[in-house]
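Protein chains in written order, with this note's numbering: chain L, 1 to 323; chain V, 324 to 646.
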């Protein structure tokens, strides 16, 4: 079958047409992939920034597909375990170290396969799982977002951030975003965001605070130098949820702000099986449709990757696998 | 009456014998102070490190005393408000900006006065309120400490840290501490701590981790460079509670550790009226007695302050006010 394979750190990835279909274990099923979606994680794998890399593994965490004639999507989190608080030691994400979704067929535990919500087409269904799961857990299981609260999402334009924005709007929150370009600011406003600020501008945090005050919940995936500013934007007793750290370590964190305002700074990554089911319920109830930036054929993975890496992408980059 | 008065930033504090007793409002009562205890807060006031300083204010947050012939102690947190999550905007701590406990008489809202637990003498009762309240909220209301969990307390030797250690031991936790001297290490072991490490040694965190693994709960009041090490010592889904920041801002904080381990980093300061009541219940049930480092007469406040500032103090520094 056709697949995108992570060869090794030197060669990077490779499009191959001769990859053998894996034999499924008794508890696994094989799904025929319709569409797959890229995540930053895929780029981290190629760049060697992901821990525990294994050579010759089919890449990709997100997919929609067909199983027994029915449209399905896949929860990419394998073996989360029984705790709602944290993943088990056996936890894996599809696409590294186990074979992933950038292929014509993918084998997964049967419990990870769910009927695709009816209102989504195959590209949208492929774009949902990882971003939807991460966003749902960040906003609700961890951030305890409630209707009417003010929430600030950093990095509006990325897949998880966009899904956060859509979900927060759906439950009646007042949503604000930071983003890197004027073009994206306008698109975010169209989506329903009350205000979107350019995080490249000096004192963007003070500007935002002056106009809109502080926030009940802040969601961030960057860390780095921005984190101290984001902490300063949280209301007393408010929450800041971190689901990534693309800008690396954070300096200048003030203990005084954290303790005097009784803040909660929480980490989150992916989500439990329950988070996934609740996410699907929310998406179905509110007919949330992931924003698709662009669709590429599987054999043009390089272009899809270039688009993911471009600061201009807005929403999810998708691979069409089946016609 | 006699009192220690914060004059202003230039002059610092002054022992005076001619201070007028304040007239109490209808909702206030006047307590005759038996003993008072020092806190780092008092030193911050003198050094100008406390926000909102007011001149000519009687210092001090902690006291035991006599009211209507009965031994009482005082909750130094005024107007916490109705939320358990965070103090109201009207919240004040006795001793700045309102007149405090380093005096023969102190007026406080009647609801802030509680019968002193029978097993405490007047010095111990004076040593309890601020440290007990802060420790209780950090460990239980915020940190959700449970019997059998492993907890690490930084800065063992300080008033709040010592109370944290005593309370955590009382509920059946396995308690570890960091401290600055060999002498204190030995005293902490005597108190029941399983291991106490010297935070001045390089890689103290790795040494601790190698022998004892990671912790369900870490309590810190320093921030600064140690915070990133303490974060690295928290178990997956564990809690780190910050109640101070004596070493200032923290650098090198890794978002990856926070999000992948699904950590909770929480700020706490003082506590609600409910926290205070629950703290008194815990202290009474387990007959916890605050560790007293030393007792000085009120007019020798300078010596008490010197002792508070000394790295050798172990437990609370107390002022005897009445004979």
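Even glycine gets a Cβ: it sits at the ideal position worked out from N, Cα and C.
As the structure is a prediction and not an experimental result, all values here were calculated from the model.
Item	Value
Count the other C-beta atoms from every protein chain shown that fall within 10 angstroms of the C-beta of residue 395 of chain V, then say buried if there are 16 or more, exposed otherwise.	buried
Looking at the structure shown, is residue 232 of chain L part of a helix, part of a strand, or coil, going by DSSP?	helix
Cβ closer than 8 Å: which chain V residues qualify as neighbours of residue 86 of chain L?	559, 560, 584 and 585
Name the chain L residues whose beta carbon is nearer than 7 Å to that of residue 414 of chain V?	Here the premise fails: no neighbours, minimum Cβ distance about 10 Å.
On the DSSP letters alone, give me the boundaries of the alpha helix (DSSP H) that residue 303 of chain L sits inside.	301-309
For residue 242 of chain L, return the contacting residues in chain V, with the cut-off set at a CB-CB distance below 7 Å.	578, 581 and 582
Please work out which residues of its chain come closer than 7 Å, Cβ to Cβ, to residue 67 of chain L, disregarding the five sequence neighbours upstream and downstream, and give them in chain order.	29, 31 and 113
Mind reading off the beta-carbon distance from residue 158 of chain L to residue 578 of chain V? Whole number of angstroms is fine, and I expect it under 8 Å.	In fact, because the Cβ distance is near 15 Å, the residues do not count as touching under 8 Å.
With a CB to CB cut of under 7 Å and the five nearest residues on each side skipped, what residues in its chain are close to residue 452 of chain V?	385, 396, 397, 398 and 399
Does the region 6-17 of chain L come within contact of the region 41-51 of chain L, defined as at least 3 CB pairs closer than 8 Å?	yes
Spell out a yes or no on whether the region 592-599 of chain V and the region 93-105 of chain L are touching, meaning 3 or more CB-CB pairs, one atom from each, closer than 8 Å.	no
Just to confirm, is the Cβ distance from residue 361 of chain V to residue 614 of chain V under 8 Å?	no
On the criterion of 16 or more Cβ atoms from any shown chain inside 10 Å, does residue 372 of chain V qualify as buried, or is it exposed?	exposed
Residue range of the beta strand (DSSP E) that residue 176 of chain L falls in?	174-179
Kindly indicate which residue of V/410, V/463 and V/449 has the alpha-carbon position closest to the one of residue 261 of chain L.	V/410
In three-state terms, what does DSSP make of residue 593 of chain V?	coil
With 16 other CB atoms within 10 Å as the buried threshold, where does residue 26 of chain L fall?	exposed
Taking C-beta pairs closer than 8 Å, name the residues in chain L that residue 591 of chain V reaches, listed in chain order.	259 and 262
Within 8 Å (strictly less), CB to CB, does residue 40 of chain L reach chain V?	no
Please confirm if residue 534 of chain V has its CB atom under 8 Å from at least one CB of chain L.	no
Residues in its own chain within less than 7 Å of residue 403 of chain V by CB, not counting five upstream and five downstream?	410, 411, 414, 595 and 596
Is the region 504-521 of chain V touching the region 208-222 of chain L in the sense that three or more CB pairs, one from each, lie closer than 8 Å?	no
Using 8 Å for Cβ pairs, my map puts residue 462 of chain V next to residue 490 of chain V. What's the rounded Cβ distance?	6 Å
Does residue 588 of chain V come within less than 8 Å of chain L when only Cβ atoms are used?	yes
Assign residue 225 of chain L to buried or exposed, taking buried as 16 or more other Cβ atoms, counted over all protein chains shown, within 10 Å of its Cβ.	exposed
Give the DSSP-derived three-state secondary structure of residue 147 of chain L in the structure shown.	coil
Suppose the cutoff is 8 Å on Cβ atoms and the five residues either side in sequence are ignored; what does the same chain contact list for residue 499 of chain V look like?	473, 474, 475, 476, 516, 517, 518, 519, 520, 531, 535 and 538
I need the boundaries of the beta strand (DSSP E) containing residue 220 of chain L, first residue and last residue.	215-220
What do you reckon, are the CB atoms on residue 265 of chain L and residue 381 of chain V nearer than 8 Å?	no
Are the Cβ atoms of residue 426 of chain V and residue 325 of chain V separated by less than 8 Å?	yes
Using a 10 Å radius around the Cβ and a threshold of 16 neighbouring Cβ atoms, would you call residue 465 of chain V buried or exposed?	buried
Is the CB of residue 572 of chain V under 8 Å away from at least one CB in chain L?	yes
Which first and last residues belong to the beta strand (DSSP E) in which residue 105 of chain L is found?	105-109
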